[in-house]
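S.K.: Below is the structure I would like to discuss, written out as structure tokens.
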Amino acid sequence: MSPAERRAGVSLAAIFALRMLGLFLILPVFAVHAHTIPGGNNATYVGLAIGAYGFTQAFLQILFGMASDRYGRKPVILFGLALFVIGSAVAALATDIYTIIIGRVLQGSGAISAAVTALAADLTRDQHRTKIMAMIGSSIGLVFALSMVAAPLLYAAIGMSGIFWLTAALALGAMALTIWVVPSEPATQAAPHSVEGVFRHILRHGPLMRLNFGVFALHLIQTMMWVTVPTALATRGGLPVTAHWKIYLPAVLLSFAVMIPSIIAAERGRRFKPVYTGAVALLALVQLGLYTSTGNIWFATLWLTFFFIAFNILEAMQPSLISRIVSPGIKGAALGVYNTLQSIGLFLGGTIGGWIVHRFGETAVGWCCGSLALSWLILTLACPLALPPKTEPAHHQI
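Using the working numbering, the first residue of the sequence shown is number 171, and each one after it goes up by one.
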């Protein structure tokens, strides 16, 4: 890669990471913290607070993606980050769960994922685009893992309000990177097709829609799990929330020791199919074991390690695969649809997960996550990845 491409990849991955870190930091601690504030004893409201930002993202990702096609990537990214800062401040000042939900909704209104990934593709040549997309995807997995380790320690040091102020500061840092570090964007290339024609093409594109289902399932499972896992570790495992990093840290480190060579093997050895399918199968297997082992710290650590391995591999591979099948003229719109499905998964994971716990208990969450992961695995096996030879152009069929 050229110096400009490396700079683009690192800076855009950092912007994505700073924003997602702010979103993920509440996951390991909020379910426990909620019991200390008005309205926090209702698991449905707790789940809504965790997943609420996905609600506004689901509505706005496509709009932001199309706006970036027309008005430029950087202005859209900066506007979205400013909204995120406002939402973080509202949540930091909140004294009850209802105001926190409002803050999370405002955080989600800064729906910049499609614009960031589209800009990454704009700034890189076809032969290096997969590396850049994998870099951005890996950054999401990295900050999710980091949030699992850091959040309990931060909660003990600065409290939930401090965590929300920290997320605002991280977003301001991302704005600075956008202005001063990210290379200048090329001229926008809005699609010459009608809006109706663009979405008809996207929604009829079978390989793209299979990846869209995958990102929906992955993030629904992720968010639904973290409605229950912190509380289960604290109550059944006897581990206070400030000590949960003792489980998350070894799980995260071991997962990256497996994830990195897996991604390298998939890219260099053209083993996308077995690596991708294996990660989905592992995600399904985790759901069978995790919800029967949270009372045993050692087994919980093992299953969470497997979860992080699967999550990080899939989070890195799917944006890379998306970049191979999206034509330049509708890139922002297509990535908007992809990130909309991701956001819907995040919102429904928190909301439905909280409702299921409230009505049926934690074990039912495990059955729901397991069923969804198994459905994804069946779809993947029935419609496997079929990448063309490496020497062909970047915009292939899957």
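Beta carbons are placed, not taken as given, at the ideal position from N, Cα and C, and that holds for glycine.
For residue 137 and residue 392, I'd like the C-alpha separation in whole angstroms.
M.R.: Summary: the structure shown does not reach residue 137, with the chain confined to residues 171 through 568, and so no result is reported for it.
S.K.: Can you give me the start and stop residues for the alpha helix (DSSP H) that residue 406 sits inside?
M.R.: To locate residue 406, count along the sequence shown from 1; it is residue 236. Per DSSP, residue 406 belongs to no alpha helix (DSSP H) and is neither H nor E.
S.K.: Please look up how many angstroms separate the CB atoms of residue 321 and residue 271, rounded, as I've assumed it's under 8 Å.
M.R.: By 1-based counting over the sequence shown, the position of residue 321 is 151. By 1-based counting over the sequence shown, the position of residue 271 is 101. Rounded, the Cβ-Cβ distance is 19 Å, inconsistent with contact.
S.K.: Could you tell me if residue 239 is buried or exposed, where buried requires 16 or more neighbouring beta carbons within 10 angstroms of its beta carbon?
M.R.: As a working mapping, residue 239 is identified with position 69 in the sequence shown. With 16 or more other Cβ atoms within 10 Å, it is buried.
S.K.: Between the alpha carbons of residue 219 and residue 273, how many angstroms are there, rounded?
M.R.: For the purposes of this step, residue 219 is taken as the residue at position 49 of the sequence shown. For the purposes of this step, residue 273 is taken as the residue at position 103 of the sequence shown. About 9 Å.
S.K.: Give the secondary structure of residue 196 by DSSP, where H, G and I count as helix, E and B as strand, and everything else as coil.
M.R.: Indexing the sequence shown from 1 puts residue 196 at position 26. In the three-state DSSP reduction, residue 196 falls in the coil class, being neither helix nor strand.
S.K.: Is it a yes or a no for the region 274-288 touching the region 233-252, going by three-plus beta-carbon pairs under 8 Å?
M.R.: Cβ pair count under 8 Å is three or more, so yes.
S.K.: Could you tell me the alpha carbon to alpha carbon distance between residue 292 and residue 397, rounded to whole angstroms?
M.R.: Residue 292 sits at position 122 when you count from the first residue of the sequence shown. Residue 397 sits at position 227 when you count from the first residue of the sequence shown. Using only the alpha carbons, I get a separation of about 37 Å.
S.K.: Could you tell me the distance, in whole angstroms, from the CA atom of residue 433 to the CA atom of residue 441?
M.R.: In the sequence shown, the residue the question calls residue 433 occupies position 263. In the sequence shown, the residue the question calls residue 441 occupies position 271. Using only the alpha carbons, I get a separation of about 9 Å.
S.K.: Report the three-state DSSP secondary structure of residue 536 (helix, strand or coil).
M.R.: Numbered from its first residue, the sequence shown carries residue 536 at position 366. Looking at residue 536 - three-state DSSP - the assignment turns out to be helix.
S.K.: In the structure shown, what three-state DSSP assignment does residue 362 receive?
M.R.: Counting from 1 along the sequence shown, the entry for residue 362 is found at position 192. Legend: pLDDT at residue 362 = 49, less than 50; position of this residue unreliable, value from coordinates given subsequently. Of the three classes helix, strand and coil, the one that applies to residue 362 here is coil, per DSSP.
S.K.: Here's the rule I'm using: 16 or more other beta-carbon atoms within 10 Å means buried, otherwise exposed. How should residue 327 be labelled?
M.R.: In the sequence shown, counting from the first residue as 1, residue 327 sits at position 157. Residue 327 should be labelled exposed.
S.K.: Among the candidates 508, 216, 527, 179, whose CA atom is the shortest distance from the CA of residue 376?
M.R.: Counted from its first residue, the sequence shown places residue 376 at position 206. If we check each option's Cα against that of residue 376, 508 comes out closest.
S.K.: Decide yes or no for the touch test of the region 525-545 against the region 255-265: beta carbon pairs closer than 8 Å, at least 3 of them.
M.R.: no
S.K.: Exposed or buried, residue 494, counting other C-beta atoms within 10 Å across all chains shown (16 or more means buried)?
M.R.: The count along the sequence shown starts at 1 and reaches residue 494 at position 324. It counts as buried.
S.K.: Could you name each continuous alpha helix (DSSP H) segment of 4 residues or more that falls completely within the region 223-265, going from the start of the chain to the end?
M.R.: 243-263
S.K.: Taking the C-alpha atoms as reference points, what is the distance between residue 244 and residue 233?
M.R.: As a working mapping, residue 244 is identified with position 74 in the sequence shown. As a working mapping, residue 233 is identified with position 63 in the sequence shown. Going from the Cα of residue 244 to the Cα of residue 233 covers about 15 Å.
S.K.: Do the region 422-429 and the region 513-533 make contact, defined as three or more Cβ pairs closer than 8 Å?
M.R.: At 8 Å Cβ cutoff, the stretches do not touch.
S.K.: Determine the contact status of residue 476 and residue 315, defining contact as a CB-CB distance below 7 Å.
M.R.: Taking the first residue of the sequence shown as position 1, residue 476 is located at position 306. Taking the first residue of the sequence shown as position 1, residue 315 is located at position 145. No, the pair does not count as a contact, with Cβ atoms beyond the cut-off.
S.K.: Determine the burial state of residue 172: buried for a count of at least 16 other Cβ atoms within 10 Å of its Cβ, exposed for fewer.
M.R.: By 1-based counting over the sequence shown, the position of residue 172 is 2. When all chains shown are included, residue 172 counts as exposed.
S.K.: Look at residue 276 and residue 260 and say whether their C-beta atoms are less than 7 Å apart.
M.R.: Numbered from its first residue, the sequence shown carries residue 276 at position 106. Numbered from its first residue, the sequence shown carries residue 260 at position 90. Contact: yes.
S.K.: Using the three-state DSSP reduction, which class does residue 210 fall into: helix, strand or coil?
M.R.: By 1-based counting over the sequence shown, the position of residue 210 is 40. Correct three-state label for residue 210: coil.
S.K.: Return the residue from the list 185, 445, 411 that minimises the CA-CA distance to residue 352.
M.R.: Within the sequence shown, numbered from 1, the residue matching residue 352 stands at position 182. Considering only alpha carbons, the answer is 185.
S.K.: Taking its Cβ as the centre, do 16 or more other Cβ atoms sit within 10 Å of residue 182, making it buried, or is it exposed?
M.R.: Residue numbering aside, residue 182 sits at position 12 when the sequence shown is read from its first letter. Buried, by the Cβ-count rule.
S.K.: Measure the C-alpha to C-alpha separation of residue 356 and residue 389 and round it to an integer number of angstroms.
M.R.: Stepping through the sequence shown from its first residue, residue 356 is reached at position 186. Stepping through the sequence shown from its first residue, residue 389 is reached at position 219. Computed Cα separation, rounded: 32 Å.
S.K.: If you compare alpha carbons, which of 205, 257, 405 is closest to residue 339?
M.R.: Counted from its first residue, the sequence shown places residue 339 at position 169. Here the closest residue by C-alpha is 257.
S.K.: Hey, how far is the Cα of residue 313 from the Cα of residue 381?
M.R.: Here residue 313 is taken as the residue at index 143 of the sequence shown, counted from 1. Here residue 381 is taken as the residue at index 211 of the sequence shown, counted from 1. Whole-angstrom Cα-Cα distance: 22 Å.
S.K.: Residue range of the alpha helix (DSSP H) that residue 437 falls in?
M.R.: On the sequence shown, position 267 is the one that residue 437 refers to. It spans 415-438 - the alpha helix (DSSP H) in which residue 437 sits, taken as one unbroken run.
S.K.: Give the C-beta separation of residue 236 and residue 552 to the nearest angstrom, bearing in mind that I take them to be a contact with Cβ-Cβ under 8 Å.
M.R.: Within the sequence shown, the letter at position 66 stands for residue 236. Within the sequence shown, the letter at position 382 stands for residue 552. Not a contact, Cβ separation roughly 32 Å.
S.K.: Rounded to the nearest angstrom, what separates residue 179 and residue 489 at their Cα positions?
M.R.: As a position in the sequence shown, residue 179 is number 9, starting the count at 1. As a position in the sequence shown, residue 489 is number 319, starting the count at 1. Their Cα atoms are separated by approximately 13 Å.
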